[in-house]
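These notes are about the structure you will find just below.
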Amino acid sequence: MTYHYKTKGTCSTDINLEVEDGIIKDIEFWSGCNGNLQGICRLVKGMPVKDVISRLEGIRCGMRPTSCPDQLCQALHEMGY
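Residues 1 to 81, numbered by full-length UniProt numbering, are exactly what the sequence shown covers, in order.
Take a look at the structure:
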């Protein structure tokens, strides 16, 4: 399943996801901190969704109540995970 998520409260603006059988197959962030987001994408590609959520959910960026990794988890929840 492919999914497009509009982020809230982060420098990145959008996330494109492809998840198959509970595994992240492809991921792309738009805008934001390019190097950090490329790193996140490479790390989570091939991981089970449940592991991504357990590791990244709730991470904050500075004083913001969310972060790009947390927004990824929100997108996964919207997808039904």
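Using N, Cα and C, we set each Cβ at its ideal position, and we do this for glycine too.
Rounded straight-line distance, which links the Cα of residue j to that of residue i
i, j, result
"Gly22", "Lys50", "8 angstroms"
"Glu28", "Val19", "12 angstroms"
"Ile5", "His77", "A small fix is needed here, since residue 5 is Tyr in this sequence, not Ile. C-alpha separation (whole angstroms): 11 angstroms."
"Trp30", "Ser54", "23 angstroms"
"Leu17", "Tyr81", "13 angstroms"
"Lys45", "Lys8", "22 angstroms"
"Gln38", "Asp26", "12 angstroms"
"Ala75", "Tyr3", "8 angstroms"
Endpoints, beta strand (DSSP E) assigned at residue i
i, result
"Glu57", "No beta strand (DSSP E) holds Glu57; DSSP gives it neither H nor E."
Whole-Å CB distance - residue i paired with residue j, under 8 angstroms assumed
i, j, result
"Gly32", "Ser12", "3 angstroms"
"Val52", "Cys68", "No, Val52 and Cys68 are not in contact; Cβ-Cβ is about 13 angstroms, not under 8 angstroms."
Paired residues, beta bridge with residue i - DSSP
i, result
"Asp26", "Glu18"
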